[in-house]
Amino acid sequence: MKCDIIVAGVGGQGTLSVSSIIASAAMSEGLSVRQSEVHGMSQRGGGVVTNLRLSDQPIASDLIARGTASMILSIEPLEGLRYLDYLSPDGTLVSSTNPVVNIPDYPKLNTLLETIRELPHSVLVDGEEIARRSGSTRATNMVMVGAASPLLPIQPETIERFIQKSFGSKGERAVEANIKAFRAGREAADLV
Amino acid sequence: MLVVADDPGMHSSQNEQDSRFYADFARIICLEPANQQEAYQMTREAFDLSEQFHIPVMIRLVTRLAHSRSVVRLLAARPENPISKPADSTAWTLLPANARRRWRSLIERQVDFLSWSETCDHNSLKLNDHDRALGVITTGLARNYFLENVDDLRVAPSHLHVGAYPLPVEKIRQLAGHVERVLVLEEGQPFLERQLRGIVSPRAEIQGRQSGHIPPDGELTPDIVRAALGLALRKGLAVTAMTLPARPPQLCAGCPHGDSFHALNTALEQFPNAAVTSDIGCYTLGALPPYCAIQSCVCMGASVGMAKGASEAGLRPAVAVIGDSTFLHSGVTSLMDAVAADTDMTLIILDNETVAMTGGQPTIMPSSRLEKLILALGVQPEHFQVLNAHPRHESKNAEIFRAEIAHKGLSVIVMVRECVETLRKKRKEKAQTTASVREAVEVQI
């Protein structure tokens, strides 16, 4: 089994937390894990991307080859499409529908979402709205982890354990909102 | 032990740099891990090698490895060595007579380093006796991309992996003598490929970054290695409906640097030929639209010396823009020089009270002491200004910039306002402390 994931988003959206929660959960289930990201100058408002590789076999490369990723998991629709040439034709693009418009030439949202819907396999969820209903729009990234979770080779309970661990220092309410967001995201993906 | 991270592909540096050249130049051993586990184990080993051979040992990393995570199996910790002062201080006192002796000793020990390198596990050779067409030499991370693709080849080529330097010359000769063509896959510059020419027969066919079979610049990827091995690339999906716009990084909303750049641009309307040098930090983004306020970024502290040079060469007005932490790191010495010459230039220090770009670490000296430091260097108090970098003072600030830039001599302006990110963090911490104090009080009651 191998599951290669490109995790994408905009600096500040919590892209790296998404990767590290999935990576830690996979590791605790005994999988080989490689997580590679370059922070560089993209901390604030720029595009952020992680190569995340999970397998029950040893993994050689930190980077995913073009045309071979099983999933692109994106917290932002434009950023998800940016790495499409890495997605295997059998792979799935899981993306939120909520744009981060901080550039003057941002494309029409409808065109972006249409392009995603026309892909062989895609899951689109309104991450922000689901997060809001779960108690905090800041948990949008965990909605997206939830939306991706049916396709991940990891038990949802394990992921929840690491959400708990990751947000534990921010208090009980933050943990609760993020777990709720994760579950709602998972449910929303099942309905798509 | 010397740990260096080179940046092939220049994710955040001004050059790719291949530090293996420096290890060779210093005539020391260099270890190049290919993955996280090797990075861990080689670090432990580097200490042993250093003690065994009495040399510094270099660990050469690249960005891709430095910014990655994986599962690492830990080994038992070893007790720390007791602190000891060398009995012979001549080895550390490099007067010419001692230096010559040390250099000769280092040259003589090269043979030991080489024989260690020829036999160590990091340099492993696997010859394919059934197929002699291709031999592949990988170094560092290139091995990962080779392994990622090798199963798709009809026959596995002979393979030498080099993880330790000096180069294992005999193993290289063995491989080259065994095959018709050698493909060199290395991250960085053609360090190994260039040296091959002095090791193997001149008739050997060698392919790599130098020969043009691998791109001469940029980071290696599984796809570049795949193409070099003659395998067809796999196609992903494509967006055809539109071209996707880039999303470059930008200053945060409300960033004080943005306000300082606006004021500077207003002031410079009067000086269209001004040379504005700058430096490394978040404020380097001032080179991009909408600001386009700065014209250089080279290395930490360069802006001050470059502005001084520009001014002395006649390129005036010369303005240097530097952050507070970069100024403290290596701008202050050049300012000392500018004071001595009373150079006609203006230095603007953007003081956001933190090392913002790397995550808000404290500066080496609190910003509150900047003023004393600058005046102590001998900057004229009447041409030293400390301004509030708030947008409501923008037109006043621009006016002062204009006056100081017009001044025929050295002036220094410090623009003070805390980074919005550290301010937010501080407020949050304060709120949390207040909440926990309240909780504690309630419990007591």
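Sequence lines, in order, name chains A and B.
So for the first sequence, the numbering used here puts the first residue at 4; every next one is plus one.
So for the second sequence, the numbering used here puts the first residue at 4; every next one is plus one.
Note that CB positions come from ideal geometry on N, CA and C, so glycine has one too.
Asked: From which residue to which residue does the beta strand (DSSP E) around MET61/B run?; Found: 61-65
Asked: Taking 7 Å as the threshold (C-beta atoms), are VAL10/A and VAL21/A in contact?; Found: yes
Asked: Identify whether SER99/A lies in helix, strand or coil by the three-state DSSP scheme.; Found: strand
Asked: Please confirm if LEU247/B has its CB atom under 7 Å from at least one CB of chain A.; Found: yes
Asked: List the residues that DSSP assigns as beta-bridge partners of ASN391/B.; Found: VAL419/B
Asked: Whole angstroms are fine: how far does the CA of ALA94/B sit from the CA of ASN101/B?; Found: 7 Å
Asked: Could you have a look at VAL203/B and say whether DSSP puts it in helix, strand or coil?; Found: coil
Asked: Would you mind reading off the limits of the beta strand (DSSP E) that contains VAL7/B?; Found: 5-9
Asked: Applying the 10 Å Cβ sphere with the 16-neighbour rule, what's the burial state of ASP354/B?; Found: buried
Asked: Determine, for ALA244/B, whether the minimum Cβ-Cβ distance to residues of chain A falls below 7 Å.; Found: yes
Asked: Can you give, in chain order, each stretch of the beta strand (DSSP E) that sits fully within the stretch 279-353 of chain B and has at least 3 residues?; Found: 321-326
Asked: Got a sec: is the Cβ-Cβ distance from VAL74/B to anything in chain A below 7 Å?; Found: yes
Asked: Quick one: is THR114/A buried, meaning 16 or more other Cβ sit within 10 Å of its Cβ, or exposed?; Found: exposed
Asked: Would you list the one or two residues that DSSP bridges to GLU208/B?; Found: ARG184/B
Asked: Using alpha carbons as the reference points, say which of ARG395/B, GLU424/B and ILE31/B lies closest to ALA167/B.; Found: ILE31/B
Asked: At what residues does the alpha helix (DSSP H) containing VAL148/A begin and finish?; Found: 143-151
Asked: Going along the chain, which residues of its own chain have a beta-carbon closer than 7 Å to the beta-carbon of MET30/A, five neighbours each way excluded?; Found: VAL36
Asked: Strictly below 9 Å CB to CB, what residues from chain B border VAL13/A?; Found: ARG250
Asked: Where do the ends of the alpha helix (DSSP H) carrying GLY83/A lie?; Found: 80-85
Asked: Of the choices ILE58/B, THR329/B and SER333/B, whose alpha-carbon is the least far from that of GLN364/B?; Found: THR329/B
Asked: Give me the Cα-Cα distance between ILE377/B and SER306/B, rounded to the nearest whole angstrom.; Found: 16 Å
Asked: So GLU151/B contacts chain A; which residues on that side make the cut at Cβ distance below 8 Å?; Found: ALA63, SER64 and ALA68
Asked: Answer with yes or no whether the minimum CB distance from PRO39/A to chain B is below 7 Å.; Found: The question names Pro, yet the displayed sequence has Ser at residue 39/A. So, interface residue.
Asked: Report the residue from LYS173/A, GLN38/A, GLY83/A and LEU87/A whose alpha carbon sits nearest the alpha carbon of ARG141/A.; Found: LYS173/A
Asked: Counting contacts by CB-CB distance shorter than 7 Å, is GLN253/B in contact with chain A?; Found: yes
Asked: Could you pull the DSSP bridge partners for MET74/A from this structure?; Found: ILE8/A and THR95/A
Asked: Give a yes or no on whether 7 Å exceeds the smallest Cβ distance from ILE162/A to chain B.; Found: no
Asked: What residues from the stretch 19-32 of chain A come within 8 Å of chain B, judged by C-beta to C-beta, listed N to C?; Found: SER23, ALA26 and MET30
Asked: Can you list, in chain order, the residues of its chain whose CB lies under 8 Å from that of SER370/B, leaving out five sequence neighbours each side?; Found: ASP327, ASP354, GLU356 and VAL419
Asked: Would you list, in chain order, the members of the stretch 48-75 of chain B that have their beta-carbon closer than 8 Å to a beta-carbon of chain A?; Found: THR66, ARG67, LEU68, HIS70, SER71, ARG72, SER73 and VAL74
Asked: Is the CB-CB distance between ARG72/B and ASP65/A below 7 Å?; Found: no
Asked: Apply the 10 Å Cβ neighbour rule to GLN273/B and answer buried if 16 or more other Cβ atoms are within range, or exposed otherwise.; Found: exposed
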